[in-house]
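Protein chains in written order, with my numbering: chain B, 755 to 1591; chain D, 133 to 245.
The structure appears below as structure tokens.
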Amino acid sequence: MTALASRSARTKTVDSRRRLVVIGNGMAGARAVEEILARGGAVQYRITMFGDEPYGNYNRIMLSHVLAGEEDTGNIFLNSLAWYRENNITLHAGVRVDKIDRFAKLVFSDDARATPYDVLVIATGSRSHLPPMDGMYTPGGRLLPGIFAFRTIDDTTGMVSYAQQDNHHRAVVIGGGLLGLEAARGLQSHGIDVEVVHSGGHLMNAQMGPDGGAVLRRSVEALGITVHTGSRTTAILGADKVRGIRLRDKPDIDCDMVVVAAGIRPNVDVAVTSGLPVERAIVVDDQMRVPDEDEIYAVGECVQHRGEVYGLVAPLWEQAAVLADHVTGANPKAAYLGSRTATKLKVAGVDVASMGLQAPERDTDEHVVFSEPSRGIFKSIVIRDSKIVGATLLGDSRKVAYLTQAFDRGLPLPDERVSLLFDIGGPGEEAGVAELDGDAQVCNCNGVSKQALVDTVAGGCTTLAGVMDATRAGKGCGSCKLLVRQVVEWAADGAVEEDPAAAYYVPGVPLEKAALMTAIREQGLRSVSAVFAALAPGGAEDAKSKMGLASLLKMMWAGEYIDERDARFVNDRVHANIQRDGTFSVVPQMKGGVTSPEQLRRIADVADKYKIPMVKLTGGQRIDLLGVPKEDLPKVWADLDMPSGYAYGKSFRTVKTCVGQEFCRFGTGDSTKLGIEIESRFQGIESPAKLKLAVSGCPRNCAESLVKDVGVVAVEGGRWEIYVGGAAGAHIRKGDLLATVDSPQTVTLLAGRFMQYYRERANWLERTYAFVPRVGIEHLRAVIVDDAEGLGAQLDAAMQESVDAYVDPWTERDDPFTPGQFRTSLPLEVLPQVPVR
Amino acid sequence: MSAGLSNAGQVAGLHVLGPLDQVPVGEGRAFGVAGEQIAVFRLRDGSLRAVSAVCPHKGGPIADGTIDQSVVMCPLHQHAFELDTGCSTTGAGPLRSYPVFADGNRNIVLRLP
């Protein structure tokens, strides 16, 4: 103590500023300090902060993105350690404060330090609530391995590494609130089967009523997450680590890990032991001051204000501003009068907004409800005396900004209540944005107001991406992105620059496809490196752009293309599809899905000889040999002695066919023969995205022609229907009828002409299911069938040139194109070992 | 190799990985050096870079990645890493980077720390 006293006496002589100590370095503590600094607080105060996590201040809301692997922990810091240095803040990270001596004005911390203060701010936040369950702790008193809370960076990284262990497949999340659903969704992204056990009667019962909860449950279950409501967990099973959980009145659930997300509790220990008034949390008045303590303030989730304890981020911003007004004396009249909490979030990919009451309470309350469970949409608004007193919106956030403001400010409502839920001739989106007040918060995660966005635009930043980077708006849960875009567009008043990069064919060359092709042709650029040198800013290469350019140049120049192998994706360098373990899959060509005993025998021999771990039939009627190491590819191809099936490229893949009229008693056209002809003609043609085709011999459509990029159906009378733009993968779309023609030759001609038009006009990676509706089937019919623009001959000739340039890539087995083309990149054992001298 | 792994002092320093021509311009090849897997890239300007060969995200083969003058993109999930530092530009963990150059005999020489 003497040493301390003499040291503080000495520093006092050189620094006459008062000492501000902040207990807690989370979002509330750091925000309070930011607000204090913004009011010139650095002139008045020397600032010291204590945080019991060993980090700078980070955005806790982003932890669900870290869990899902979408963000790195490094990217979620709001204040880096450099920020503390630059603002001359002494940060004690990883140090916990145990006690406050209110009379001596000292703070005691667990590193045996006593720190004097003139003004104290308590911002200790919350911790996860772990409800008591049998078997939670080991005999040594530690949490059983496999049990996790979900509150801190360490919780999150611990969960990720546990989930990624190979022997862990199943998780149970206890708690079906916001955090629990985020945890469930995040764990799923690590390949874990997740079940949510919720003691409440419906999901997110703090934010919504049973009807909304039922719609949300449907949406969550559609993601593959099993939900148990009304279920209380009584015990964790497993002696050495988590093996399962026991439920009251229900069968046990086996699992490898348990995440407890059953709510939060304010951290009040230091306040209680120091004799400060604590009820459910630390009591504060409208100045954010602890009653009867002139120099002690508290802020954030650890405070109770007028009986309310908030667990959301928005009230914290308001509290921090009021606190800073008083601490610095900037506005002695400032008062915090409580927050009307409106939540707007993306929970497990579902937009959720909720504010005020969940349901009507009085007979005179109006209740406007719309429910469409199959689309995951639910909207409920409670109106009292013509003002909104509560709202819940699920699955559609378009009216949220307007409703939030109407709720916050008690705005008069339109007589036609249904227009609260939908835009029916009422003010559109833009009017809605214009009506928002400047201080209306647009991004709740990062506390960005409409005015901050408007100022950024006025400062010369006129792209959505630029504004988002500058303000961090939309970089939390992401649910406000649409609103951010609207505000930016409104603020720029039509001068908004469409993110130019969005229209580029590839990100590294600032040209749209048509302009890029013109430049390539005019300047005779026949290699990817030549395109970069001539057209990229500073002539700089761009890894993300190489594959798209290689495809485009091959299409444009065919046989004259200068093939630089480094521009290709690894699949196209080794003519096989890379798998998750770095091995490859081999799919030999099997035209129209027709094979022979001799071919099958050879495939079987190859599978035996190379110990192929899996032999699988593909959706395109071929045979896939999976798990082939790169160095075996040339030998496998040689022994197969079949051409490549191109199952790895952005290219023409396969033609699926049905049995056809030769054998099928319903067949009306020789679909098998036509399928083989089409595949023989267009094999290996590269395109902006893959092309999957089919030919069916009758309208029963056994080859699924209606959901193919190009699908052909034989109909009675020797005629053939050609459908384009179908899909049945991640996206489902029935193809549009391009034409009905009389002969197989015309089918081949028009299919080729369509594919060439697609190759020349579609954006990189734009499948036909997006391209066809974008340009319109009528336009395609005019160009391709009626030749309205006179392009027919040119398209046919360009396609013929590509057809003529075809070479089976698997012939490279005898003569590798580059040194070490088939040399392994993994694993270590078979790498060439360099002797250690 | 086991001796090399057990004694770091013995393996630190320069390692000759053989002729430069093993690595085509613009591509990478993997090498096992003293028990470590290292991807060596030959940039289009002729210079070399070396980083650890296993993607920290899901174990992808970095040597099979696509490069430009500054980054390599892992072929499995397109995480990108700076070739000079190994730091990820897409939020993955870092790769290790190693000094590497071609000597007067056009051999690749790598320095282990």
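Built from N, CA and C at the ideal position, the CB exists for glycine as well.
Check	Outcome
Cross-chain neighbours of B/S1283 in chain D, by beta carbon under 7 angstroms	R176
Beta carbon proximity, B/D1008 to chain D, threshold 7 angstroms	no
Contacts of B/E825 in chain D (Cβ-Cβ under 7 angstroms)	G223
Amino acids of chain D, ordered along the chain, whose beta-carbon sits closer than 8 angstroms to that of B/A1448	Chain D residues near B/A1448: none, gap ~30 angstroms exceeds 8 angstroms.
Rounded distance between the beta-carbons of D/L215 and D/V183, thought under 8 angstroms	7 angstroms
Within 9 angstroms of chain B by C-beta, residues of the stretch 187 to 208 of chain D in sequence order	H189, K190, G191, G192, P193, I194, A195, D196, G197, T198, I199, D200, Q201, S202, V203, V204, M205, P207 and L208
Neighbouring residues, chain D, relative to B/R1577 (Cβ below 7 angstroms)	R161
Chain D residues whose Cβ lies nearer than 9 angstroms to that of B/N842	Going along chain D, no residue has its Cβ under 9 angstroms from B/N842, so there is no contact; the nearest lies around 29 angstroms.
Per-residue DSSP class, three states only, for B/T1082	helix
Top-ranked residue by Cα proximity to B/S1128, from B/K1098, B/V1012, B/V974 and B/L1175	B/V974
Opposing strand residues paired with B/H1059 [DSSP bridges]	B/V1038 and B/E1062
For B/L887, the three-state DSSP class (helix, strand or coil)	The question names Leu, but residue 887 of chain B is Met in the sequence shown. Reduced to three states, the DSSP call for B/M887 is coil.
Beta strand (DSSP E) segment containing B/Q798, residue limits	That residue, B/Q798, is in no beta strand (DSSP E); its alpha helix (DSSP H) goes G795 to Q798.
Chain D within 7 angstroms of B/I946, Cβ atoms only	no
Proximity to B/I843 [Cα-Cα], best of B/K1267, B/L1491, B/A1188 and B/L791	B/L791
The beta strand (DSSP E) enclosing B/V951, as first and last residue numbers	D947 to V951
Cβ of D/D216 within 7 angstroms of any chain B Cβ	no
CB contact below 7 angstroms: D/P156 versus chain B	yes
Bounding residues of the alpha helix (DSSP H) (the contiguous stretch that carries B/G1244)	Reading off the sequence, residue 1244 of chain B comes out as Trp, not Gly. Where B/W1244 is concerned, the enclosing alpha helix (DSSP H) stretches over K1235 to A1246.
B/A1219 to D/A224 span [Cα, whole Å]	21 angstroms
Selection from B/L1387, B/S1434 and B/V1241 that minimises the alpha carbon distance to B/K1410	B/S1434
Positions along the stretch 1554 to 1575 of chain B whose CB lies within less than 7 angstroms of some CB in chain D	T1572, P1573 and G1574
Straight-line Cα distance separating B/C1056 from B/T878	6 angstroms
Within-7 angstroms CB hit, D/D235 to chain B	no
Chain-ordered chain B contacts of D/A212 [CB-CB under 9 angstroms]	A1297 and K1298
CB contact below 7 angstroms: B/G1403 versus chain D	no
Cutoff 6 angstroms; reference B/M1301; Cβ partners in own chain excluding five residues on either side	F1323
7 angstroms Cβ cutoff met for B/R986 and B/R1002	yes
Chain D within 7 angstroms of B/V1063, Cβ atoms only	no
Coil, strand or helix - B/K1345 by DSSP	helix
Any C-beta of chain D under 7 angstroms from that of B/L1580	yes
Residues sharing a beta bridge with B/G1144, DSSP	B/G1110 and B/V1136
Unbroken beta strand (DSSP E) run spanning B/S880, endpoints	S880 to S882
Per-residue contacts from D/A182 into chain B (C-beta, under 7 angstroms)	Here the premise fails: no neighbours, minimum Cβ distance about 12 angstroms.
Beta-carbon contacts of B/L884 that lie in its chain and below 6 angstroms, excluding the five residues immediately before and after	V1014
Cβ pair count under 8 angstroms reaching 3, the stretch 810 to 823 of chain B against the stretch 856 to 865 of chain B	no
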